[in-house]
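With this note's numbering, the residue at position 263 of the sequence shown is 267, and numbering never jumps.
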Amino acid sequence: MAAIDLLLLHPPTLYDFRKRPGIHGPISDVVPSTPIFEMYPIGFASLSEYLERHGLRVRIINVALKMLKDEKFDVERLILKNKPVAFGIDLHWMAHVQGALAIAEIIKRFHPETPVILGGLSATYYHEEILHQYPFIDFVVRGDSTEKPLFQLIQAIKEKMDFQNIPNLTYRDGGKGIRANPLTYVPENLDDIAIDYRHIMKKVVRYIDPTGYQPFIDWYTYPVTAVFTCRGCSYHCKTCGGSSLTFRSMANRKKPAYRDPKLLAQDIFNISDHLHAPVMIIGDIFQPGEDYGFAFLREMEKRPVTNHIAFEFFIPPSRSRLQRIAESIPNFNIEISPESHDEEVRKAFGRPYNNEPLERMIADAIDLGAKRIDLFFMIGLPKQTYQSVLETVDYCRSLLERFRSYRKLIPFVSPLAPFLDPGSAVFEAPEKYGYRLLYRTVEEHRQALMTPSWKYILNYETEWMTRDEIVSSTYEAGKRLNRLKAEFGLIDQKTAESVERRIEGAVRVMNEIDQIMGLPDAKERELALNPDLNGRLSLHTYSMSTVCEKKELEWPTQFIRMNFFKIIKTLLTRRKPNVSTPSRAVSPQDPKCGRSSLNA
5 MAAIDLLLLH
15 PPTLYDFRKR
25 PGIHGPISDV
35 VPSTPIFEMY
45 PIGFASLSEY
55 LERHGLRVRI
65 INVALKMLKD
75 EKFDVERLIL
85 KNKPVAFGID
95 LHWMAHVQGA
105 LAIAEIIKRF
115 HPETPVILGG
125 LSATYYHEEI
135 LHQYPFIDFV
145 VRGDSTEKPL
155 FQLIQAIKEK
165 MDFQNIPNLT
175 YRDGGKGIRA
185 NPLTYVPENL
195 DDIAIDYRHI
205 MKKVVRYIDP
215 TGYQPFIDWY
225 TYPVTAVFTC
235 RGCSYHCKTC
245 GGSSLTFRSM
255 ANRKKPAYRD
265 PKLLAQDIFN
275 ISDHLHAPVM
285 IIGDIFQPGE
295 DYGFAFLREM
305 EKRPVTNHIA
315 FEFFIPPSRS
325 RLQRIAESIP
335 NFNIEISPES
345 HDEEVRKAFG
355 RPYNNEPLER
365 MIADAIDLGA
375 KRIDLFFMIG
385 LPKQTYQSVL
395 ETVDYCRSLL
405 ERFRSYRKLI
415 PFVSPLAPFL
425 DPGSAVFEAP
435 EKYGYRLLYR
445 TVEEHRQALM
455 TPSWKYILNY
465 ETEWMTRDEI
475 VSSTYEAGKR
485 LNRLKAEFGL
495 IDQKTAESVE
505 RRIEGAVRVM
515 NEIDQIMGLP
525 DAKERELALN
535 PDLNGRLSLH
545 TYSMSTVCEK
555 KELEWPTQFI
565 RMNFFKIIKT
575 LLTRRKPNVS
585 TPSRAVSPQD
595 PKCGRSSLNA
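Listed below in structure tokens is the structure:
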């Protein structure tokens, strides 16, 4: 087998989570992964596909998932035996900063001459600080789209060329210090980039490594997938590290880059050929305008798709838009995040609508045959008080009473955790929005992730709620909403009782941790925590399915979830990339490298 050019590693949030478990909290209850956030960024898939299409050998290894599945999995042995041209580690969200740096340090210990590359939004934000503070990181590739710059970097490493013409790259320039090349590669569309699960299937077989490519712990029993409409955003939610202003300031993106609606539909067709499971469309299909959304739906009408398709909306769509969805896709589902019942809180956060259009959308969607509607509320928002959090649960009751006969309107509540996103409006100007930022540097966030409970990991509190109140209101709201779901038949009594027991246990142990953390001596605190490290504070006890049972998130799948005949056929045939403008891979020495021609 040919040597690997780039080995992409996905880290856990906390490298030592198997040895020093704690109360990670309900930070992942409303996403498929565990609090270790073993779901690697979907950008890994596009990077691998793009680089391999242009002649490089790439492998993905989900280190976090391997550690989660096997207590004896030896990360150091894995790193020692692999000798790629370069290692790549994602630092997209700050939740991974401790794990990413720990793995990078191990790599340098065993392979001191092999370059270590970081990428992702958080790495982009902290690119210079990372290279100044952590000598085991060699490069940071910046921006939201790094396929071409990363190709050029790997080629330059292999051919021992300099790096000065590679866009979006920050690196150590010999004895001259840190050099940050201009961030000029910002593609205007996503038509030359593919999230292609067929590519991933082939890599699983090539490396005989089903867990290395597995997205999250239960994926093989619930093989949900996602397709992306865009990179960037036109909205400015105040705590979001992916808002329009954040992308502009951090990634030099002045407007979102959208995927051609025909290609987007083909992405879904490719998935439906192989998997009989839900597909999540990430990004509101109407964000670029009605023409884009309707063009996509016309494409979807060309082939029958029985998979459940979940639509994400940033603002409630009109009935006419929902009507077109219902006509095009028989099994459509809806996700929307009003964040709070309180219109003032919602407006302060950045959601530009009130309750009337939200409730009208719910009624219209039910009338038009939506299979399910998920509502997501959040705790830790501007102008949100403890009482307001509980009133959000009351609002959920009013909705469930109004739409009682539907039984597929599912509300969720979770905290804004573990961190405010670097680069978000609130992170940049916390006082302006009523926040107090507790950690700002990379090292402060890294150290926070090693504390024993999620209260101490939180990097903020607000003028309306302390960290104690954010934690307390989260568990109280979770308990009340859990009871509400049982009352209205959304979950069975056994599930409700199990969730409530976990909430009560988590609150009890959190209080014990608070008492221990109040001890004046660090060694005394460590000794007091030690008996619990291998006992009651296991990952699965009080940190998963806490404020809701994780299976509540699941959309329906067919009994046979995979089309094995089609998968085998795909493995044996040549894959045609689902792109419309295949690009020339640009050499780092090309005089046009880093200029506007790269955006073609």
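From the three backbone atoms N, C-alpha and C, an ideal C-beta is built for every residue, glycine too. Remember, predicted model here, so these are calculated numbers, not experimental data.
For residue j and residue i, believed in contact at Cβ under 8 Å, the rounded distance
i: Lys570; j: Asp277; result: 5 Å
i: Met98; j: Pro426; result: 6 Å
i: Met254; j: Tyr129; result: 6 Å
i: Ile46; j: Phe232; result: 7 Å
i: Ile27; j: Tyr546; result: 6 Å
i: Leu385; j: Val417; result: Going by Cβ atoms, the distance from Leu385 to Val417 rounds to 12 Å, so no, they are not a contact pair.
i: Asn463; j: Leu424; result: 6 Å
i: Asn193; j: Asp264; result: 7 Å
i: Val397; j: Leu485; result: 5 Å
i: Ser428; j: Lys207; result: 34 Å between Cβ atoms; not a contact.
Bridge partners - residue i, DSSP secondary structure assignment
i: Ser418; result: Met382
i: Met284; result: Ala230, Ala314
i: Phe336; result: Ile313
i: Leu668; result: For residue 668 there is no data in the structure shown, the boundaries of the chain being 5 and 604.
i: Glu465; result: Arg440
i: Phe563; result: Answer by DSSP bridge pairing: none, since Phe563 is not bridged.
i: Asp94; result: Gly123
i: Phe353; result: In the DSSP output, where bridge partners are listed per residue, Phe353 has none listed.
i: Val62; result: Leu10
i: Ser457; result: Ile27
i: Thr174; result: Val144, Ala184
i: Asn359; result: The partner list for Asn359 (beta bridge, DSSP) is empty, contrary to what the question assumes.
i: Tyr262; result: Asn193, Cys234
i: Arg376; result: Asn337
i: Glu163; result: Partner(s): none; Glu163 has no beta bridge.
Minimum C-alpha distance to residue i - residue among the options
i: Phe2; options: Ser52, Asp33, Arg22, Gln102; result: Outside the shown range of the chain, which is 5 to 604, sits residue 2, and nothing can be said about it.
i: Ile83; options: Glu53, Glu75, Ile107; result: Ile107
i: Arg506; options: Glu530, Arg529, Glu480, Glu491; result: Glu480
i: Ile272; options: Tyr296, Tyr201, Thr188; result: Tyr201
i: Ala314; options: Asn567, Tyr390, Asp378; result: Asp378
i: Tyr189; options: Pro214, Ile199, Gly147, Pro219; result: Gly147
i: Asp288; options: Leu267, Asn311, Pro321; result: Pro321
i: Pro153; options: Pro139, Lys164, Gln168; result: Gln168
i: Asp196; options: Glu151, Ile474, Cys400, Phe431; result: Glu151
i: Ile461; options: Ile31, Leu13, Leu11; result: Ile31
i: Gly164; options: Ala281, Ile517, Glu117, Ala433; result: Residue 164 is actually Lys in this sequence, not Gly. Comparing Cα positions, the closest option is Glu117.
i: Lys258; options: Arg325, Leu187, Val309, Tyr296; result: Leu187
i: Val511; options: Thr561, Leu531, Lys459, Lys527; result: Lys459
i: Ser344; options: Ala330, Leu362, Asn335, Gln327; result: Leu362
i: Asn515; options: Asn486, Glu473, Gly493; result: Glu473
i: Val513; options: Ala500, Ala532, Glu528; result: Ala532
i: Val34; options: Ser341, Arg24, Asp177; result: Ser341
i: Glu556; options: Arg24, Leu18, Pro36; result: Pro36
i: Pro422; options: Arg235, Gly29, Ala7; result: Gly29
i: Ile329; options: Asp368, Pro356, Lys498; result: Asp368
i: Cys234; options: Asp177, Asn185, Gln156, Gly293; result: Gly293
Cβ-based neighbour list, residue i, same chain, cut-off 7 Å, excluding 5 preceding and 5 following
i: Cys237; result: Gly246, Ser247, Ser248, Phe251, Pro260
i: Ile204; result: Ala49, Tyr217
i: Arg450; result: Val101, Gln102, Leu105
i: Arg565; result: Pro227, Leu279, His280, Ala281
i: Ser584; result: Asp195, Asp264, Leu267
i: Ser332; result: Leu301, Met304, Glu305
i: Arg401; result: Leu488
Spatial neighbours of residue i in its chain, beta-carbon cut-off 6 Å, leaving aside the 5 residues before and after
i: Asp142; result: Pro119, Val120
i: Ala619; result: It is not possible to answer for residue 619, since the shown part of the chain is limited to 5 through 604.
i: Arg307; result: Phe273
i: Thr466; result: Gly438, Tyr439
i: Ala604; result: Because Ala604 carries a pLDDT of 25, less than 50, the predicted location of this residue cannot be relied on, and the following value inherits that uncertainty. Hits under 6 Å: none found.
i: Ile111; result: Ile83, Phe91, Val120
i: Ser601; result: The predicted position of Ser601 is uncertain, since its pLDDT is 28 and thus under 50; a value taken from the coordinates is nonetheless stated next. None.
Neighbourhood of residue i by C-beta, 8 Å cutoff - its chain only, sequence neighbours within 5 removed
i: Asp9; result: Leu55, Leu60, Arg61, Val62, Pro88, Val89, Ala90, Ile158, Lys162
i: Ser477; result: Ile383, Tyr390, Val393, Leu394, Met469
i: Asp496; result: Ala490
i: Asn608; result: It is not possible to answer for residue 608, since the shown part of the chain is limited to 5 through 604.
i: Phe290; result: Tyr296, Gly297, Phe317, Pro321, Arg325
Inset, instruction - Could you tell me whether the region 520-529 touches the region 236-251, using the rule of 3 or more Cβ pairs below 8 Å? - result: no
Inset, instruction - Report yes or no: do the region 364-384 and the region 400-417 share at least 3 C-beta pairs separated by less than 8 Å? - result: yes
Inset, instruction - Count the CB pairs spanning the region 543-560 and the region 299-309 that are closer than 8 Å, and state whether there are at least three. - result: no
Legend entry - Sufficient close CB pairs (3 or more, under 8 Å) joining the region 210-229 to the region 164-183: no
Inset, instruction - Could you tell me whether the region 567-582 touches the region 501-516, where touching means 3 or more Cβ pairs closer than 8 Å? - result: no
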